[in-house]
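Chemist:
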Amino acid sequence: MSYDKANVFAKIMRGEIPGKKIYEDEQILAIHDIAGAAPVHVLVMPKGEYISFDDFSTKAPPETVAHFFKTIASIARQLEVHETGYRLVTNHGADASQSVPHFHVHILGGRALGGLLPGDVHKR
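Numbering-wise, numbering that gives the first Met the number 0 puts 37 at position 38 of the sequence shown, and it's gapless, one number per residue.
1) So, with DSSP's three-state summary, where would you put isoleucine 16?
2) List the endpoints of the continuous beta strand (DSSP E) containing valine 80.
3) If you follow the beta strand (DSSP E) that histidine 40 is in, where does it begin and where does it stop?
4) Taking the continuous alpha helix (DSSP H) assigned at lysine 4, which residues delimit it?
5) For leucine 107, I'd like the list of residues in its chain whose CB is within less than 7 Å of its CB, leaving aside the five on either flank, ordered along the chain.
As structure tokens, then:
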């Protein structure tokens, strides 16, 4: 699959569609999710043309990957969920319900999130 430059995140990065930014640098954009699933729900995406985590982890230079994940940790601290807990989610492909073909990570927090999946035996 090739990168689709018309995907919604590419349009947000180009300023064609608004996004409520909370962080931006030369390599990364972070925005609030418009359909938040938790009190804190932020999307963090690299500005490069990466379709999925697999694409990003195999094609991006190691320093870009390190910067991306260190920035996610910094954003979680900025959002003040680092002490109470948060979840990082990224979906890869159809079976995981990836809805936008641009690699991104969801930061979810601000409340108890429960089990990872419905029926999870590790519920609180």
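Quick reminder that beta carbons are idealized off the backbone N, C-alpha and C, glycines included.
Modeler: Reading it off the structure:
1) coil
2) First-last for valine 80: undefined, no H or E at that position.
3) 39-45
4) From DSSP, lysine 4 is part of no alpha helix (DSSP H); its letter is neither H nor E.
5) Ala36, Ala37, Val39, His40, Tyr85, Arg86, Val88
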